[in-house]
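Below is one structure, written out as structure tokens; the observations come after it.
In UniProt numbering, the protein residues as written are 1 to 884.
This is the structure in structure tokens:
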């Protein structure tokens, strides 16, 4: 094989001459630096290779870097301008790796103080990459002179180097003494010097908010020539306004800063105008009136001849559309004109913005416009469009048929895995959130798997068919699509198809005979996994025991945490093996969250969809720590862990927070304690509780020693009252401990004797929400209808919610008080609606299932009709009374 490029390729210039470089050979070439006389052209080429390797992420060892660095110092004898500047770059790159780099200080100092201006600025930058903070005193006088030097490149080099130095430990105080010179450089006529001077001054004063505000106030009154400096000034002023808003304060300076930002909308520089508009639309305190001029500016930029301005304007409007869709909707005609833009990034952003601001009546027209556009763009842009359509599906559920047909057409087009996955995700989301769309959605997915070339997607769709298909209007029509996969696909897909068919047999008795015949054929499959699954499911289905069908086939219970399962199994095998392993001790994993928003809003033009890491539940995090408590296994599986609740103020001498770990009949209270007094050592730290009636303390595990600044935990194990209604109660708490005075520097106690002391803590509650583990039902309507039987208890009542003023607040309050998981996206209330139905589900400690339907109406306040269904009467009563 020849690596020689032909003449035409060289002329085209498409190849990268450095792409096949090897570090070893390049470092050997570096020996050329030692030759006399210096071959400048050859050395420049070798230095370029070294810098290329470093910037491509190639790591040099300390010895390699040191040898290369010292060889490079020989090049100071050359007077070649380009070579000298390459040497400065090499020093900067190798200074953090090589040893004894300080040896070039004298050569760099000579260039810094020389008459050649082209050497001085890069020499300053290189010098301060190797300067130790202890050496600053020697060059302080010279640096002050460089900051105010008449040569702009020298002044900028000194300012930027000072900025980097001020971030180093021990150098900040020295750099602060250069503030007067930086203030003088701020008056420079050069735009970059002015910009860099402002950056250094702001960095020096960053910890003094009043000084920063004074600096901004002073510069607002001046006419700064540098558009970069004005942009930076806008950012500083906007940050001050945001900080005041977050602290709940508003000052005269804030109004002054806001007026300045608004005045920049009329600046002569397009860069400053855009920065001002961007700042205004991103201010949290911006009103619709203040937003209008900024959006008008962005509208003008949408018609600019410059692609960069169009892109910046549309991207900003895309973000505005999330919070203020009405403000952007007025300019939809301008955005529609950008759909055909030659720049695909601009066109994609225009489409996603239109989808966010469009009305229900415009959905069909938008889909027609997008249809021709989508065929011309790459997969990464298509993914962004699909993400926007996903948001539209949630916003306008009645348009599901139009959107589903459009997505189905996209599925039939050519595309990669990420692109097809985003479409399938969207269709599944529509099916889960909109029961009316289930039949058409499943049909589209069935058609897709007939020609699906991606195994992972086929398996996922088959799993969905097994879960949703048996509950559809005509389950039998899906079996043909499922069984076709057994005949035509690879072993992985065939195994998934077998599991899906078993779901139909377990949930649809009239199809049982057909399913058993098909599963019998699968027992002759050539793959072990397929045969084993078929045999397993066939045996269960032939048992004619519906409870077995439910527990081992059609149950949608959460899976256990595999990492904790492995750990628990190892501990069991290392034990005496006298008891049977109890799988219920391992906590369940959380359901995989569904992506509902634009998951990659800013990065959407340059990257594919981001793979989210699996979410770890609070229970998984806590169970490993709880397993260290002796005898904790006797309490059974962990049902739920609550968020941490502070029982003290953050500034007190002892800080205590509480986490409630709920089990079937017990609750473990974990008190995390921190001692903030360096001259005290606390021992035998424990929490004494004032118990409500019915609760019993079973065990107290004190913290043996609480050292200054370290968090340690003490535990109290309580048994719940037999009466479920009494399990929601308020507790008094006192922190008790033995105090020993100690040496603050060593932490060792002055003596072995201490004295008893105590510290009052704030009261805390065990609520209904602490005892309910939220669940996610993909088909709440089916579960609700199935709960209309004698095995379930139903309670219904009407309440007036006086503490809330909107339906969305009412929804948040109900979810917060009950700890239930919302279903079918009913936690989101549509704008300008006066009625809403919230659907929730969960499991009470002990295993009692809970389903809730809350019908809300907004009139004079919020009226709620609450219906609770549960498998336990007492649980239904405590849930229904928790809100009232």
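Quick reminder that beta carbons are idealized off the backbone N, C-alpha and C, glycines included.
- The beta strand (DSSP E) spanning residue 675 covers which residue range? Annotation: the continuous beta strand (DSSP E) that includes residue 675 extends over 666–675.
- residue 205, enclosing beta strand (DSSP E) - first and last residue: Careful: residue 205 lies outside any beta strand (DSSP E) and carries neither H nor E.
- Cα-Cα separation, residue 816 to residue 768: For residue 816 and residue 768, the distance between alpha carbons rounds to 10 angstroms.
- Could you tell me which residues DSSP pairs with residue 724 in its beta bridges? Beta-bridge annotation (DSSP): residue 724 is not paired with any residue.
- Item | Reference residue 882; option with closest CA among 316, 797, 760 and 37 | Of the candidates 316, 797, 760 and 37, the one whose C-alpha sits nearest the C-alpha of residue 882 is 797.
- Message: So for residue 606, helix, strand or coil by DSSP?
- Response: With a pLDDT of only 36 at residue 606, under 50, the local geometry of the prediction cannot be trusted, and no value is derived from it.
- Simplified DSSP state of residue 761, which is helix, strand or coil: In this structure, residue 761 counts as strand in the three-state DSSP scheme.
- Query: With 16 other CB atoms within 10 Å as the buried threshold, where does residue 754 fall?
  - Reply: By the neighbour-count definition (other C-beta atoms within 10 Å, threshold 16), residue 754 is a buried residue.
- Query: Do you know how far the Cα of residue 113 is from the Cα of residue 47?
  - Reply: When the Cα atoms are used, residue 47 and residue 113 turn out to be separated by approximately 25 angstroms.
- Message: What residue range does the alpha helix (DSSP H) around residue 42 cover?
- Response: Residue 42 -> alpha helix (DSSP H) spans 40–55.
- Query: So what does residue 33 bridge to, in DSSP terms?
  - Reply: DSSP output for residue 33 lists no bridge partner at all.
- Message: For a test of the three-state rule: what should DSSP assign to residue 150, helix, strand or coil?
- Response: The three-state secondary structure of residue 150, taken from DSSP, is coil.
- Note the first and the last residue of the continuous beta strand (DSSP E) segment covering residue 869. First-last of the beta strand (DSSP E) with residue 869: 861–870.
- Query: Hey, how far is the Cα of residue 938 from the Cα of residue 289?
  - Reply: Residue 938 lies beyond the residue range present for the chain, which begins at 1 and ends at 884; the question has no answer from this structure.
- residue 749 bridges to which residues according to DSSP? DSSP output for residue 749 lists 742 as bridge partner(s).
- Task: Could you check what DSSP says for residue 683 in three-state terms: helix, strand or coil?
- Result: If DSSP states are grouped into helix, strand and coil, residue 683 belongs with the strands.
- How is residue 109 classed by DSSP in three states: helix, strand or coil? Here residue 109 sits in helix by DSSP.
- Query: For residue 625, which residues of its own chain have a beta-carbon under 7 angstroms away from its beta-carbon, when the five flanking residues on both sides are left out?
  - Reply: Excluding positions up to five away in sequence, the list is empty.
- Neighbourhood of residue 690 by C-beta, 6 angstroms cutoff - its chain only, sequence neighbours within 5 removed: Sequence-distant partners of residue 690 (beyond 5 residues in either direction) whose C-beta falls short of 6 angstroms from its own C-beta, in its chain, are 732.
- Task: Report yes if the C-beta distance between residue 880 and residue 868 is below 9 angstroms; otherwise report no.
- Result: Yes, the pair counts as a contact, with Cβ atoms nearer than the cut-off.
- Item | Same chain only: Cβ atoms within 7 angstroms of residue 595, ignoring 5 sequence neighbours per side | Low per-residue confidence applies at residue 595: pLDDT is 37, beneath 50, and the placement is therefore not dependable enough to give any value.
- Message: To the nearest angstrom, how far is the alpha carbon of residue 726 from that of residue 642?
- Response: Near 19 angstroms, if we compare the C-alpha coordinates of residue 642 and residue 726.
- Task: To the nearest angstrom, report how far apart residue 723 and residue 872 are at their CA atoms.
- Result: Going by the C-alpha atoms only, they are around 12 angstroms apart.
- Message: Three or more C-beta pairs under 8 angstroms: does that hold for the region 737–749 against the region 397–417?
- Response: Per the Cβ contact rule, the region 737–749 is not in contact with the region 397–417 (fewer than 3 Cβ pairs under 8 angstroms).
- Message: Once the 5 residues before and after residue 417 are set aside, which same chain residues still bring their CB inside 7 angstroms of it?
- Response: Cβ neighbours of residue 417 beyond the five flanking positions: 454.
- Task: Using alpha carbons as the reference points, say which of 329, 576 and 392 lies closest to residue 434.
- Result: For residue 434, the closest C-alpha among the options 329, 576 and 392 is that of 392.
- Message: Just to confirm my understanding: we take residue 717, look at its own chain, exclude 5 residues before and 5 after, and list those with CB closer than 7 angstroms. What are they?
- Response: Answer for residue 717: 666, 668, 698 and 699, listed in chain order.
- In the DSSP assignment, what residue or residues form a beta bridge with residue 713? BP columns for residue 713 point to 672.
- Item | Residue range of the beta strand (DSSP E) that includes residue 844 | First-last of the beta strand (DSSP E) with residue 844: 835–844.
- Query: Can you give the Cα-Cα distance for residue 675 and residue 688, rounded to whole angstroms?
  - Reply: When only Cα atoms are considered, residue 675 and residue 688 end up about 18 angstroms apart.
- Message: I need the straight-line Cα distance from residue 632 to residue 701, nearest angstrom please.
- Response: Roughly 12 angstroms between the two C-alpha positions.
- Task: Check whether the region 64–75 touches the region 91–103, taking contact to mean three or more Cβ pairs, one atom from each stretch, closer than 8 angstroms.
- Result: Using a C-beta cut-off of 8 angstroms, the region 64–75 makes contact with the region 91–103, since at least three inter-stretch Cβ pairs fall below that distance.
- Exposed or buried, residue 714, counting other C-beta atoms within 10 Å across all chains shown (16 or more means buried)? Residue 714 should be labelled buried.
- Query: How long is the line joining the alpha carbons of residue 657 and residue 814, rounded to whole angstroms?
  - Reply: Each residue's Cα considered, the two are about 25 angstroms apart.
- Message: Check whether the region 773–793 and the region 468–477 are in contact - that is, three or more C-beta pairs closer than 8 angstroms.
- Response: Because the criterion of three Cβ pairs below 8 angstroms is met, the region 773–793 and the region 468–477 touch.
- Expected contact under 8 angstroms - CB spacing of residue 491 and residue 519 to nearest Å: That belief does not hold up - the Cβ atoms of residue 491 and residue 519 are roughly 16 angstroms apart, past 8 angstroms.
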